[in-house]
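Structure record follows, encoded as C-alpha cells.
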Amino acid sequence: MSDGPVDQNRLIAERRAKLAALREQGVAFPNDFHRDALAGELHAGYDELSAEALDSAAVRVRIAGRMMLQRIMGKASFATLQDSSGQIQLFLQRDTLGSAYEAFKKWDIGDIVAAEGMLFRTRSGELSVRVEMLRLLVKSLRPLPDKWHGLADTEARYRQRYVDLIVSERSRTVFRQRTQTVRFLRDMLDALGFVEVETPMMQPIPGGAVARPFITHHNALDIQMYLRVAPELYLKRLVVGGIERVYEINRNFRNEGLSTRHNPEFTMLELYWAYADYLELMDLVEHMMRGVAEAVVGAVAFQSQGHSYDFSRPFRRATIEQLVLEYNPQLDPTRLRDRAYLAEVCSTVGARIDDSDGAGKALVALFEQTVEHRLQDPTFVYAYPAEVSPLSRANDADPFLTDRFELFVGGRELANGFSELNDPEDQAARFREQVARKDAGDDEAMFYDADYIRALEYGMPPAAGLGVGIDRLVMLLTDSASIRDVLLFPQMRPEAD
Numbered sequence: 139m140s141d142g143p144v145d146q147n148r149l150i151a152e153r154r155a156k157l158a159a160l161r162e163q164g165v166a167f168p169n170d171f172h173r174d175a176l177a178g179e180l181h182a183g184y185d186e187l188s189a190e191a192l193d194s195a196a197v198r199v200r201i202a203g204r205m206m207l208q209r210i211m212g213k214a215s216f217a218t219l220q221d222s223s224g225q226i227q228l229f230l231q232r233d234t235l236g237s238a239y240e241a242f243k244k245w246d247i248g249d250i251v252a253a254e255g256m257l258f259r260t261r262s263g264e265l266s267v268r269v270e271m272l273r274l275l276v277k278s279l280r281p282l283p284d285k286w287h288g289l290a291d292t293e294a295r296y297r298q299r300y301v302d303l304i305v306s307e308r309s310r311t312v313f314r315q316r317t318q319t320v321r322f323l324r325d326m327l328d329a330l331g332f333v334e335v336e337t338p339m340m341q342p343i344p345g346g347a348v349a350r351p352f353i354t355h356h357n358a359l360d361i362q363m364y365l366r367v368a369p370e371l372y373l374k375r376l377v378v379g380g381i382e383r384v385y386e387i388n389r390n391f392r393n394e395g396l397s398t399r400h401n402p403e404f405t406m407l408e409l410y411w412a413y414a415d416y417l418e419l420m421d422l423v424e425h426m427m428r429g430v431a432e433a434v435v436g437a438v439a440f441q442s443q444g445h446s447y448d449f450s451r452p453f454r455r456a457t458i459e460q461l462v463l464e465y466n467p468q469l470d471p472t473r474l475r476d477r478a479y480l481a482e483v484c485s486t487v488g489a490r491i492d493d494s495d496g497a498g499k500a501l502v503a504l505f506e507q508t509v510e511h512r513l514q515d516p517t518f519v520y521a522y523p524a525e526v527s528p529l530s531r532a533n534d535a536d537p538f539l540t541d542r543f544e545l546f547v548g549g550r551e552l553a554n555g556f557s558e559l560n561d562p563e564d565q566a567a568r569f570r571e572q573v574a575r576k577d578a579g580d581d582e583a584m585f586y587d588a589d590y591i592r593a594l595e596y597g598m599p600p601a602a603g604l605g606v607g608i609d610r611l612v613m614l615l616t617d618s619a620s621i622r623d624v625l626l627f628p629q630m631r632p633e634a635d
C-alpha cells in the first residue's frame, strides 16, 4: 500500500474525525440522491459535440461516484468522478457552490460524492460538468493506494479485490471480459437448442471426474455429503430423461493445491449432446473458440502471454501417442503400451507413476511431463487410454483407447470432450475398477454410483460430452498470467495476525 502502518493509522484517524463531525451535523451517509447519468454514457453521447453545441444543448445531469482526483485552485477547482462506466471531470466554483465548496476542500480522495450541473467543454477540450450542486454521500475512512506494484501489492490485489477494482482499469476490464465470455457461450449454446440447467452442488456420491472431493456433513439427514467435482453424471441423467442437448455453467470444487493454474473452486461449462460424437464436438469447440475470441478480444488473431495466436487457422489434431513420439523421438514406437518400458522412461524424465498404474496411466504421465506444456498453438489431443477415461466410450477398433480429446492452448488444457460411455455393464465394470483403485489408496478415484448405472439401464442415447474451463479460457483471452487474476475472490492462505 502507499503508506506505512503509522501513516495509515494517522490518515484513518483523521478521516474518522471528519466522519464524526458529519454525524454531529446529522448528514452522514445520506441515501436520498438519485442520479440520472453515468460517465460512460455522457462520453458516448457528447464527446463529439463542440463546446458551442454543448452550450446550445443545455444538458443538465445528476451524477455520483468515487472522487479519484482533486485539484484545489482557490476560487475554482477540479475533481474526477469515477462510476461503474468510467470517469468524468467536475468543475467547481466557489461563487456558485458557496459553503459546499468550502466543505469540498476538506473531502478526501476515495469519498463518494454527488453532483448536479450542466455539461460543457473546458478550454483544454475536456468534457466536464459545471457543478451547481455538490454533496458528500459516503465518507471513505481508508486512503486508496497510490502504488500498486510488487509482490506484496499483488497479494493485496487478490485479498482486497474491492480496492483493486477501484484503482485498476485493467482489473475492471478483465472482469468485464469474463462476463462477455460467459454471455457469448450461453448465447451460442442457446441458439443451437441447448437447454441450460442447474444440478446439485452437494452430492451424496461425488462423480464425473477423477479428483479429490471436499467433504461435508448434512446434520438433518446425518449423512456425509460432498461438494461436487463435476456435474457430469447428473447432466447425463437428464439426457436419459430426454433433454437431448443440455448444459450448465457453474462451479466445481476439487480439494487440490493452489497454483497459477488451479483454484479449488472454479467455473466450468459442461454440455451433453445426444446423437453426436467426439469428432463433431471438436468441430463445435473450434467454432466456439473462434467466436468467443471475436466477441471478447475483437479478433481471432491476438496475443497472450507473449505468444501470438491465430484462431482462424484449423486447429491441429493428433493422438496422444503421436505427440509422445514426436516430442520423445528416442522412444521405441512399438512399446508405447508396454508398462515396464514406459515406467522406465517415466523414471528417466521425472514423470511420477504409482505401482498400481498401468500402461495407460504411464503414457499420460509421460505426455504431461514432456509434451503438454509445449503445445502452444491450439491442438486437439485425442485417443486417450481407457485407463484414465472411466466415463469415455472405448474406441471400436482399439479398446485400449477411448474416443476422447483434450484441447490445449498455450500449454494448458482448456477443454475435455468425448463420446459418452452409455453401456451400463461396461460403465459398472469401470466403476468397480475405480473402487479398487480407491481401496488401494487413490484418493482421486471415483465412487461406485449405483443410481447412475440404473439410469443407464433405462437407456441413454449415443451422445458426446464436453467440459470447458472458463477460468483458463478467460486467462487466455485477457492475457492473464495467473488464475487469480480472473477470479474476483481467489482462495488464499489466511492472513498472518
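Residue numbering for the sequence shown follows our numbering, starting at 139 and increasing by one per position.
Using N, Cα and C, we set each Cβ at its ideal position, and we do this for glycine too.
Keep in mind it's a predicted model, so treat the numbers as computed, not measured.
Beta-carbon contacts of residue i that lie in its chain and below 7 Å, excluding the five residues immediately before and after
i: residue 300; result: none
i: residue 311; result: none
i: residue 582; result: 348, 349, 350
i: residue 483; result: 469, 504
i: residue 476; result: 497
i: residue 157; result: 166, 277, 279
i: residue 356; result: 363
Beta-carbon proximity list for residue i, same chain, < 6 Å, skipping 5 on both sides
i: residue 573; result: 586
i: residue 339; result: 366
i: residue 203; result: 219, 220, 221
i: residue 620; result: 398
i: residue 250; result: 204, 275, 276
i: residue 252; result: 171, 202, 273, 275
Rounded separation between residue i and residue j - CA only
i: residue 460; j: residue 593; result: 36 Å
i: residue 616; j: residue 550; result: 15 Å
i: residue 191; j: residue 184; result: 9 Å
i: residue 529; j: residue 554; result: 12 Å
i: residue 287; j: residue 149; result: Because the pLDDT at residue 287 is just 45, under 50, the model does not fix this residue reliably, and the value given afterwards should be weighed accordingly. Using only the alpha carbons, I get a separation of about 21 Å.
i: residue 487; j: residue 452; result: 32 Å
i: residue 359; j: residue 342; result: 11 Å
i: residue 237; j: residue 389; result: 52 Å
i: residue 531; j: residue 558; result: 5 Å
i: residue 196; j: residue 630; result: 51 Å
i: residue 580; j: residue 493; result: 11 Å
i: residue 499; j: residue 474; result: 11 Å
i: residue 182; j: residue 265; result: 11 Å
i: residue 305; j: residue 395; result: 30 Å
i: residue 337; j: residue 564; result: 25 Å
i: residue 194; j: residue 611; result: 48 Å
i: residue 438; j: residue 154; result: 51 Å
Limits of the unbroken beta strand (DSSP E) element including residue i
i: residue 207; result: 198–211
i: residue 525; result: Segment: none, residue 525 is in no beta strand (DSSP E) and carries neither H nor E.
i: residue 364; result: 361–365
i: residue 627; result: No beta strand (DSSP E) contains residue 627, which DSSP labels as neither H nor E.
First through last residue of the alpha helix (DSSP H) which encompasses residue i
i: residue 420; result: 416–434
i: residue 445; result: Careful: residue 445 lies outside any alpha helix (DSSP H), inside the beta strand (DSSP E) at 445–448.
i: residue 606; result: Not the alpha helix (DSSP H): residue 606 falls in the beta strand (DSSP E), residues 601–607.
i: residue 591; result: 588–596
i: residue 326; result: 307–329
i: residue 479; result: 477–487
C-beta atoms of residue i and residue j nearer than 9 Å
i: residue 545; j: residue 420; result: yes
i: residue 326; j: residue 426; result: yes
i: residue 302; j: residue 294; result: yes
i: residue 636; j: residue 547; result: Shown here, the chain extends from 139 to 635; a query on residue 636 therefore has no answer.
i: residue 371; j: residue 386; result: no
i: residue 167; j: residue 277; result: yes
i: residue 201; j: residue 173; result: yes
i: residue 241; j: residue 274; result: yes
i: residue 391; j: residue 403; result: yes
i: residue 256; j: residue 198; result: yes
i: residue 247; j: residue 205; result: yes
i: residue 606; j: residue 323; result: yes
i: residue 187; j: residue 259; result: yes
Identity of the residue in the options nearest residue i by Cα
i: residue 224; options: 147, 153, 307, 198; result: 307
i: residue 463; options: 428, 434, 501; result: 501
i: residue 496; options: 512, 471, 524, 506; result: 524
i: residue 413; options: 384, 403, 492, 472; result: 384
i: residue 270; options: 259, 292, 229; result: 229
i: residue 505; options: 535, 533, 537, 467; result: 467
i: residue 513; options: 445, 485, 393; result: 445
i: residue 430; options: 158, 608, 571, 304; result: 608
i: residue 589; options: 297, 578, 566, 251; result: 566
Neighbourhood of residue i by C-beta distance below 8 Å, restricted to the same chain and skipping five residues each side
i: residue 456; result: 464, 517, 518, 519, 520
i: residue 576; result: 583, 584, 585
i: residue 239; result: 215, 230, 231, 232, 272
Any non-hydrogen atom of the ligand FMN within 8 Å of residue i CB
i: residue 241; result: In terms of ligand content, the structure shown is empty, and the ligand FMN therefore cannot be addressed.
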